[in-house]
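Q:
Residue numbers (full-length UniProt numbering): 1 to 431.
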């Protein structure tokens with residue numbers, strides 16, 4: 001009876017150990033998968049503002065400039081062609097004028113919005129203002145292009161940082177060569193198999209997932225999921241193909257965990273902090289040397305890859321020396337910063353683009369104001385024209401002969417007033 005109870009106890013303990021191994025790393029697996037899925041979707045990263053390439057010159061603005069230009073400029077470019085070396089100066093002038101006329105040619109219904117204004121001070125003033133708008137637009141365009149370029153460069157840097165967090169610096173896919181027998185790293189260095197850790201501990205989240213989801217000296221027991229029971233040994237994998245096969249399983253499982261989220265500054269920060277919160281969470285070591293240095297289940301810091309107990313990645317060196325940060329966490333922070341800079345530059349560029357869009361509208365308003373002032377001046381008689389009308393009136397030659405002359409009427413009124421005063425004076429004398 002005693003032997004039977006002992007056997008039952010042993011079997012129960014073995015069953016509990018197996019159950020404990022299954023899904024033991026699930027929480028950390030999911031946290032790191034979220035990082036991987038976010039980084040793997042880096043190509044979907046977009047600026048919040050769409051930045052188009054803007055033309056060097058605005059067609060409408062140039063037309064308003066021509067419609068208010070001096071006759072000298074419009075007809076022969078302010079005599080520029082008079083000093084031309086070409087033999088056919090007259091032909092060059094004619095071509096210049098015809099080209100300007102074609103630019104202002106109106107097709108369709110309604111009045112021509114770019115019709116040439118007649119020569120006047122109002123036209124000259126409008127042209128000065130429109131010329132200034134053209135200069136302002138060129139300055140704004142230079143500023144826009146600088147901000148646009150900065151936004152695009154920072155966005156590209158954010159994408160590169162996310163890619164590096166997923167696969168490693170300069171890598172675009174899983175780096176299986178790091179696990180090959182000819183590599184200077186191999187599994188033990190990548191996962192940090194000794195207590196002190198390793199200088200080359202997983203610099204990217206894909207390698208970290210290999211460490212927590214595969215065994216080194218035996219098959220994994222489904223710590224990350226039932227489909228992930230591969231072995232990635234420290235030796236014997238000539239080309240890293242075993243690691244590649246294991247990664248294919250992990251990647252598929254990660255993608256099935258993926259809940260699509262918009263790739264923004266906030267989601268990068270949130271997923272980074274969620275991953276950091278898991279650091280050391282599955283380490284059951286009770287000694288003071290067992291700080292929060294590991295992802296995956298362990299009872300110490302050494303991540304030798306023993307199935308069921310030490311499938312983890314050890315970042316003790318990275319977190320206690322030098323910059324004191326995990327490389328792929330640093331890449332996420334860089335991506336967040338670069339994306340923030342990109343969005344700020346894009347917002348500034350969009351604001352400048354709006355100002356650029358206003359310049360032809362301002363030119364249109366200036367043109368219409370000049371046209372109105374010219375029309376009003378033409379319909380309002382001046383003092384000179386009124387005086388000329390009086391002088392040219394044949395009825396004003398002799399007020400004695402014609403009482404219709406305005407000047408004679410005024411003289412008669414004055415004489416009547418004078419006669420009245422004289423009459424009153426006489427009456428007062430007699431009184």
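Cβ atoms here follow ideal geometry from the backbone N, Cα and C, with glycine treated the same way.
For the beta strand (DSSP E) that contains residue 242, what are its first and last residues?
A: Run containing residue 242: none in the beta strand (DSSP E); it sits in the alpha helix (DSSP H), 241 to 257.
Q: So what does DSSP say about residue 312, is it helix, strand or coil?
A: Three-state DSSP puts residue 312 in a strand.
Q: Kindly list the residues whose CB is nearer than 7 angstroms to the CB of residue 69, restricted to its own chain and excluding five residues on each side of it in sequence; keep chain order.
A: Taken in chain order, the residues that qualify are 127.
Q: So, is residue 307 buried or exposed, given that buried needs 16 or more other C-beta atoms within 10 angstroms?
A: Answer is buried; the Cβ neighbour count reaches 16.
Q: Count the other C-beta atoms from every protein chain shown that fall within 10 angstroms of the C-beta of residue 197, then say buried if there are 16 or more, exposed otherwise.
A: The residue in question, residue 197, is buried, as its Cβ has 16 or more Cβ neighbours within 10 Å.
Q: Roughly how far, in whole angstroms, is the beta-carbon of residue 224 from the beta-carbon of residue 213, given that I think they are within contact range, below 8 angstroms?
A: About 4 angstroms separates the two Cβ atoms, so the contact holds.
Q: Would you call the stretch 269 to 281 and the stretch 291 to 304 touching, i.e. three or more CB-CB distances under 8 angstroms?
A: Enough Cβ pairs lie closer than 8 angstroms, so yes.
Q: Going straight from the alpha carbon of residue 273 to that of residue 186, what length do you get?
A: Cα-Cα distance, rounded: 28 angstroms.
Q: Mapping DSSP to helix, strand and coil, what is residue 74?
A: In the structure shown, residue 74 sits in a helix (DSSP, three-state: H, G or I).
Q: How many Å lie between residue 236 and residue 242 at the Cα?
A: About 9 angstroms.
Q: Indicate whether residue 151 and residue 343 have their beta-carbon atoms separated by less than 9 angstroms.
A: Yes. Within cutoff.
Q: Report the residue ranges of all alpha helix (DSSP H) runs contained in full by the stretch 281 to 347; include only those spanning at least 4 residues, in chain order.
A: Listed in chain order, the complete alpha helix (DSSP H) runs (minimum 4 residues) inside the stretch 281 to 347 are 316 to 320.
Q: Considering Cα atoms alone, identify which of 374, 328, 363 is closest to residue 166.
A: Selected option, being the one with the closest Cα: 328.
Q: Enumerated in chain order, which unbroken segments of the beta strand (DSSP E) with a length of 3 residues or greater are wholly contained in the stretch 92 to 177?
A: Correct list: empty.
Q: Have a look at 192, 251, 334, 202 and flag the residue whose alpha-carbon is nearest the alpha-carbon of residue 300.
A: When each option's Cα is compared against that of residue 300, the closest is 192.
Q: Just curious, the alpha helix (DSSP H) that residue 265 is in, first and last residue?
A: Looking at the DSSP string, the run of the alpha helix (DSSP H) that includes residue 265 is 265 to 277.
Q: For residue 48, which residues from the same chain have a beta carbon less than 8 angstroms from its beta carbon, with the 5 sequence-adjacent residues on both sides left out?
A: The answer, listed in chain order, is 343, 346, 347.
Q: Measure the Cβ-Cβ separation of residue 269 and residue 336 and say whether it is below 9 angstroms.
A: In this structure, residue 336 lies closer than 9 angstroms to residue 269 by Cβ.
Q: Going by other Cβ atoms of all chains shown within 10 Å of its Cβ, with 16 needed for buried, is residue 372 buried or exposed?
A: So residue 372 counts as exposed.
Q: Starting from residue 64 and walking both ways along the alpha helix (DSSP H), at which residues does that stretch end?
A: Taken as a continuous stretch (DSSP letters only), the alpha helix (DSSP H) holding residue 64 covers 59 to 67.
Q: Run the CB neighbour count on residue 240, radius 10 Å, all protein chains shown included, and call it buried at 16 or more, exposed below.
A: So residue 240 ends up on the buried side.
Q: Suppose contacts are defined by Cβ-Cβ distances below 9 angstroms. Is residue 44 in contact with residue 332 by that definition?
A: Not closer than 9 angstroms, so no.
Q: Assign residue 359 to one of three DSSP states: helix, strand, or coil.
A: In the structure shown, residue 359 sits in a helix (DSSP, three-state: H, G or I).
Q: For residue 298, I'd like the list of residues in its chain whose CB is within less than 6 angstroms of its CB, leaving aside the five on either flank, ordered along the chain.
A: Closer than 6 angstroms at Cβ, skipping near neighbours: 283, 310, 312.
Q: Tell me the DSSP bridge mates of residue 215?
A: Paired residue(s): 231.
Q: Rounded C-beta distance between residue 218 and residue 231? I'm assuming under 8 angstroms.
A: Right, the Cβ-Cβ distance comes to about 6 angstroms (below 8 angstroms), so this counts as a contact.
Q: Using the Cβ count rule (16 or more neighbours within 10 Å means buried), how would you classify residue 25?
A: By the neighbour-count rule (16 or more Cβ atoms within 10 Å), residue 25 is buried.
Q: Residue 168 and residue 305: beta carbons closer than 9 angstroms?
A: Result no, Cβ atoms of residue 168 and residue 305 do not sit closer than 9 angstroms.
Q: Could you compute how far the alpha carbon of residue 320 sits from the alpha carbon of residue 145?
A: Rounded to whole angstroms, residue 320 to residue 145 spans 44 angstroms at the Cα level.
Q: Alpha carbons only, please: which of 354, 205, 105 is nearest the one belonging to residue 162?
A: Looking at the Cα atoms, 205 is the closest of the given residues.
Q: Leaving out five residues before and five after residue 285 in sequence, what residues of the same chain have Cβ atoms less than 6 angstroms from its Cβ?
A: These residues qualify, in order along the chain: 299, 300.
Q: Closest by CA to residue 257, which one among 28, 23, 33?
A: Ranking 28, 23, 33 by Cα distance to residue 257 puts 33 first.
Q: By the three-class DSSP mapping on this structure, what secondary structure does residue 50 have?
A: In this structure, residue 50 counts as coil in the three-state DSSP scheme.
Q: Taking the alpha-carbon of residue 171 as reference, which of 199, 138, 203 has the nearest alpha-carbon?
A: Checking every option, the nearest Cα to that of residue 171 belongs to 203.
Q: Taking buried to mean at least 16 other C-beta atoms within 10 Å of its own C-beta, is residue 102 buried or exposed?
A: Per the 10 Å Cβ criterion, exposed.
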